[in-house]
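Reading through the structure tokens given below for one structure.
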Amino acid sequence: DTAVSQTPKYLVTQMGNDKSIKCEQNLGHDTMYWYKQDSKKFLKIMFSYNNKELIINETVPNRFSPKSPDKAHLNLHINSLELGDSAVYFCASSQDLRGGNEQFFGPGTRLTVL
Amino acid sequence: AQKVTQAQTEISVVEKEDVTLDCVYETRDTTYYLFWYKQPPSGELVFLIRRNSFDEQNEISGRYSWNFQKSTSSFNFTITASQVVDSAVYFCALSEVLSGANNLFFGTGTRLTVIP
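Top to bottom, those sequences are chains A and B. Under our numbering, the first residue of the first sequence carries the number 20, and numbering increases by one thereafter. Under our numbering, the first residue of the second sequence carries the number 996, and numbering increases by one thereafter.
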């Protein structure tokens, strides 16, 4: 069984569209995250959620709206997609918020905006 | 503010050579954790090691070893007798305990190519 899963794996869309990426973890973890990896491979935290509550929003444009229907899911909705949104998006989870907890990453979703 | 620097952008070695990947970090916290992750060509992120700021013991796991030195704020990673399967991008990352969020701050990665 996959610990952290993301769908879709690939997403190709036009500028201006709205799209969602889903993430689910079956580890029973309290905390989930979204990271963005740009074309230069730089990985940066976007959001962290703990028990469905937003903890950190790292200056991400408000076109990005995470939603956590329950603590096993953290979906990422992106409005009005722009070329610069093209990247690989990784979901991750950890047992809780305590610093140093290992984060388990999903396989990533490669988003291409044309 | 926290920062992780991996000065080596790309390294190429011939199979069976040893290679060291450098990582230097900055943080104001006295309690923090350091990580290494591997990202093979398939794209997933593979956890390799976690080290807390109070544990400066070096660690060895098979062909992998890590050297943590607080005095120089470095957490270097050595692969002994490299193999083609070691070809990947390697990331060093920092998590600060006092931030209360367990966010990982990544370095820019080092792309290692092992030539057969």
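No residue lacks a Cβ here, since even glycine has one placed at the ideal position from N, Cα and C.
What is the C-beta distance between A:Met-34 and A:Glu-101, in whole angstroms, given that I count them as a contact (C-beta under 8 Å)?
So it is a contact: roughly 6 Å between Cβ atoms.
May I have the straight-line CA-CA distance separating B:Tyr-1027 from A:Arg-117, to the nearest angstrom?
When rounded, the separation of the alpha-carbon atoms in B:Tyr-1027 and A:Arg-117 is 11 Å.
Could you tell me the distance, in whole angstroms, from the CA atom of A:His-48 to the CA atom of A:Pro-27?
Answer to the nearest angstrom: the Cα atoms are 22 Å apart.
In chain B, which residues lie with their C-beta within 9 Å of the C-beta of A:Lys-60?
Correct list: Gln-1034, Val-1084, Phe-1086, Thr-1103, Gly-1104, Arg-1106.
Beta-ladder partner(s) of A:Lys-63, from DSSP:
Partner residues in the beta bridge of A:Lys-63, as assigned by DSSP, are A:Lys-55.
Where does A:Asn-36 land, buried or exposed, given buried means 16+ other C-beta within 10 angstroms?
That one is exposed.
Which residues of chain A have a Cβ atom closer than 9 Å to the Cβ of B:Val-1092, listed in chain order?
What B:Val-1092 touches in chain A, judged by beta-carbon distance under 9 Å, is Arg-117, Gly-118, Gly-119, going in chain order.
Does B:Val-1092 come out as helix, strand or coil in the three-state DSSP assignment?
The three-state reading of DSSP puts B:Val-1092 in helix, counting H, G and I together.
Of all Cβ atoms in chain B, is any one closer than 7 Å to the Cβ of A:Ser-24?
For A:Ser-24, no CB of chain B lies under 7 Å from its own CB, so it is not counted at the interface with that chain.
With burial defined as no fewer than 16 other Cβ atoms inside 10 Å of the residue's Cβ, what is the status of A:Ile-40: buried or exposed?
A residue is called buried when at least 16 other Cβ atoms come within 10 angstroms of its Cβ; A:Ile-40 meets this threshold and is buried.
Determine, using beta carbons only, whether B:Ala-996 comes closer than 7 Å to chain A.
By this cut-off, B:Ala-996 is not an interface position.
Please tell me whether B:Ser-1037 and B:Thr-1108 are closer than 7 Å, where the distance is taken between their beta carbons.
No, Cβ-Cβ distance for B:Ser-1037 and B:Thr-1108 is not below 7 Å.
In chain B, what lies closer than 8 Å to A:Val-107 by C-beta?
Simply Gly-1038.
Under 8 Å Cβ to Cβ from B:Gln-1003, same chain only, skipping five residues before and after it: list those, please.
Only residues of its own chain outside the window of five on either side were considered, and among them Leu-1016, Asp-1017, Thr-1105 have a CB closer than 8 Å to the CB of B:Gln-1003, listed in chain order.
I'd like to confirm the pairing. Which residues does DSSP put opposite B:Ile-1055 in its beta bridges?
In the DSSP assignment, the residues bridged to B:Ile-1055 are B:Ser-1060.
By DSSP, does A:Val-79 sit in helix, in strand, or in coil?
In the three-state reduction of the DSSP assignment, A:Val-79 falls in the coil class, being assigned neither a helical nor a strand state.
Would you list the residues sitting across from B:Asn-1097 in a DSSP beta bridge?
B:Asn-1097 is not bridged by DSSP to any residue.
Below 9 Å on C-beta distance, what does B:Tyr-1020 contact in chain A?
In chain order: nothing, as chain A lies at least about 14 Å away.
When the cut-off is 7 Å and only beta carbons count, does A:Phe-66 lie next to chain B?
No, its Cβ sits nowhere closer than 7 Å to a Cβ of chain B.
Should B:Ser-1056 be labelled buried (16 or more other beta-carbon atoms within 10 Å of its own) or exposed?
So B:Ser-1056 ends up on the exposed side.
Let me know if B:Lys-1011 comes out buried or exposed under the rule of 16 or more other beta-carbons within 10 Å of its beta-carbon.
Exposed: under 16 other Cβ atoms inside 10 Å.
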